[in-house]
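Per my numbering, the sequence shown runs over residues 2 to 317.
Ideal Cβ positions, reconstructed from N, Cα and C, are used throughout, including at glycine.
Working notes for the structure below.
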Amino acid sequence: MFLFSIPHEVDEQYIQQVRDLVSPMEVIVQADVHEKNVPLDKVEIFLTYGQNVDKETLEKMPSLKWIQIFQTGVEQLPLEELKKRNILLTNIQDFHSIPIAEYVLTTMLYFTRSIPKYLHLQKNQDWDRTEKDQEIYEKTVAIFGAGKIGQVVAERCRLLGMHVIGVNTTGQPRPNFDEVFPMSQKHEVLKKSDYVVLLLPATKDTYHAFGKEEFEKMKNTSYLINVGRGTLINQEELAECLENEVIRGAALDVTDPEPLPKDHFLWETKNVLITPHMASITNRYIERALEKVTLNWNAYKSGETPPYSIDLDRGY
């Protein structure tokens with residue numbers, strides 16, 4: 002049995018696409034998996050965003066063999082429990098590349114072309130042309146996370162005439178980057194970057210990898226863009242550095258926690274743009290995600306390792 006559980010309405014065409022894909026396996030579509038009509042004990046494959054994957058639910062699924070997460074990050078899941086039961090875990094990768102690249106460029110231009118200032122001027126009906134904007138042409142952008150998404154971001158940045166630096170664990174060259182450095186040289190990279198883009202996963206090694214020490218290495222004219230995970234940044238230290246103009250601005254599509262509470266200090270922090278984890282969410286999200294699910298399914302039914310399998314020890 003195939004359980005399709007996501008917390009919002011899905012167009013019938015996509016539900017039918019899943020039914021056709023796994024036919025003749027029975028498909029149940031249910032947002033709340035604990036409804037009485039959901040036979041959890043018969044579920045073999047579980048397609049979910051991950052919000053309902055916990056130890057209690059897993060205990061009710063003795064037949065479960067495969068969990069397909071409808072997103073990239075898996076840090077919120079009980080990985081040790083999955084490992085203990087030898088349950089396959091897959092995610093969907095590479096489908097975020099286009100919308101995330103567009104988001105990164107949007108936020109770069111939002112700050113560089115002074116959009117906040119112009120919104121303020123318009124609100125006050127003030128025709129003020131005294132200050133000149135900057136350009137992103139020939140500026141340097143550092144992308145921490147030089148995988149598939151980072152490579153598409155890099156490609157778009159190079160098309161706009163930027164110098165693009167990639168940062169990964171090894172420093173090995175990757176397509177579309179002018180230079181690639183290992184994470185151990187991040188301070189050297191930060192010193193020469195006008196924009197710093199974070200695309201790293203949430204692991205014990207990346208937790209608060211960017212704090213006051215890192216921000217003080219950056220130019221005071223630079224911008225930080227986080228589209229990775231909220232835990233990459235020490236948010237208290239970021240707020241302090243923004244208030245003290247250590248860096249010029251930050252765009253945060255991810256925060257810790259999520260949703261960000263209404264009274265959280267980040268909402269009032271100077272020169273920060275906050276978006277509610279929407280960088281990858283466009284009208285084509287499910288269409289692209291199901292393309293990746295299809296690849297995983299084809300491998301699974303053939304007895305092969307799905308291409309987007311998660312290493313449960315590494316967490317990605």
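Taking Pro307 as the reference, give the member of Gly316, Lys293, Asp314 and Arg315 with the closest Cα. Residue mapping note: residue 307 aligns to position 306 of the sequence shown, counting from 1. The option with the nearest alpha carbon to Pro307 is Lys293.
Asp195 and Lys149 look like a contact to me (Cβ under 8 Å); what is the Cβ gap, rounded to whole Å? Numbered from its first residue, the sequence shown carries residue 195 at position 194. Numbered from its first residue, the sequence shown carries residue 149 at position 148. Between Lys149 and Asp195 the Cβ distance is about 24 Å, and since that is not below 8 Å, they are no contact.
Continuous alpha helix (DSSP H) stretch holding Thr295: start and end: Taking the sequence shown and counting its residues from 1, the one referred to as residue 295 is at position 294. Tyr286 to Lys302 is the span of the alpha helix (DSSP H), which, as asked, contains Thr295.
Assuming Thr113 contacts Ile137 (C-beta within less than 8 Å), just tell me the rounded distance between them. Stepping through the sequence shown from its first residue, residue 113 is reached at position 112. Stepping through the sequence shown from its first residue, residue 137 is reached at position 136. Confirmed, Cβ separation roughly 5 Å.
Please report how far the alpha carbon of Ile70 lies from the alpha carbon of Leu233, in whole angstroms. Your numbering for residue 70 matches position 69 in the sequence shown. Your numbering for residue 233 matches position 232 in the sequence shown. Their backbone Cα atoms lie some 21 Å apart in a straight line.
Using the Cβ count rule (16 or more neighbours within 10 Å means buried), how would you classify Leu120? Here residue 120 is taken as the residue at index 119 of the sequence shown, counted from 1. The residue is exposed, with fewer than 16 neighbouring Cβ atoms inside 10 Å.
Let me make sure I understand the geometry here. Which of Ala203, Asn284, Glu214 and Pro258 has the alpha-carbon closest to that of Tyr317? Along the sequence shown, read from residue 1 onward, the residue named residue 317 stands at position 316. Ranking the options by Cα distance to Tyr317, first place goes to Ala203.
Measure the alpha-carbon distance for Glu139 versus Asp55 and round it to whole angstroms. Along the sequence shown, one-based indexing puts residue 139 at 138. Along the sequence shown, one-based indexing puts residue 55 at 54. Spanning the two alpha carbons is a distance of roughly 48 Å.
Under 7 Å Cβ to Cβ from Arg323, same chain only, skipping five residues before and after it: list those, please. The structure shown does not extend to residue 323, since the chain is modelled only from 2 to 317, so the question has no answer here.
Do you know how far the Cα of Leu89 is from the Cα of Thr256? The sequence position of residue 256 within the sequence shown is 255, counting from 1. The sequence position of residue 89 within the sequence shown is 88, counting from 1. Looking at the two C-alpha atoms, the distance is approximately 28 Å.
Measure the alpha-carbon distance for Thr222 versus Leu161 and round it to whole angstroms. For the purposes of this step, residue 222 is taken as residue 221 along the sequence shown, with counting starting at 1. For the purposes of this step, residue 161 is taken as residue 160 along the sequence shown, with counting starting at 1. So the two alpha carbons sit approximately 19 Å from each other.
Counted within 10 angstroms of its Cβ, other Cβ atoms place Ser24 as buried (16 or more) or exposed: Here the question's residue 24 lines up with position 23 in the sequence shown. With fewer than 16 Cβ atoms within 10 Å of its Cβ, Ser24 is classed as exposed.
If we count the other Cβ atoms within 10 Å of its Cβ and call it buried at 16 or more, is Pro100 buried or exposed? In the sequence shown, counting from the first residue as 1, residue 100 sits at position 99. So Pro100 counts as buried.
Going by the CB atoms, is the gap between Val247 and Phe266 shorter than 8 Å? Reading the sequence shown from its first residue, position 265 is the one you call residue 266. Reading the sequence shown from its first residue, position 246 is the one you call residue 247. Not closer than 8 Å, so no.
Could you check what DSSP says for Gly151 in three-state terms: helix, strand or coil? Taking the first residue of the sequence shown as position 1, residue 151 is located at position 150. It is helical.
How far does the beta strand (DSSP E) with Val168 in it reach, from first residue to last? By one-based count along the sequence shown, residue 168 stands at place 167. His164 to Asn169 is the span of the beta strand (DSSP E), which, as asked, contains Val168.
With H, G and I counted as helix, E and B as strand and the rest as coil, what does DSSP make of Tyr50? Start at 1 with the first residue of the sequence shown, and residue 50 comes out as number 49. If DSSP states are grouped into helix, strand and coil, Tyr50 belongs with coil.
CB-CB under 6 Å to Ser310, same chain, minus the five flanking residues each way: which ones, in chain order? Indexing the sequence shown from 1 puts residue 310 at position 309. Thr91.
Going by DSSP, what residue range makes up the alpha helix (DSSP H) through Glu36? Position 35 of the sequence shown holds residue 36. Where Glu36 is concerned, there is no enclosing alpha helix (DSSP H), given that its DSSP letter is neither H nor E.
Extent of the continuous alpha helix (DSSP H) run through Ala203: Position 202 of the sequence shown, counting from 1, holds the residue named residue 203. Per DSSP, Ala203 belongs to no alpha helix (DSSP H) and is neither H nor E.
Rounded to whole angstroms, how far is the Cβ of Ala280 from the Cβ of Tyr104, which I believe are closer than 8 Å? The residue given as residue 280 occupies position 279 in the sequence shown. The residue given as residue 104 occupies position 103 in the sequence shown. Confirmed, about 4 Å.
Where Gln1 and Ala32 are concerned, what is the direct C-alpha to C-alpha distance, given to the nearest angstrom? One cannot answer for residue 1 here, as it falls past the ends of the chain, which runs 2 to 317.
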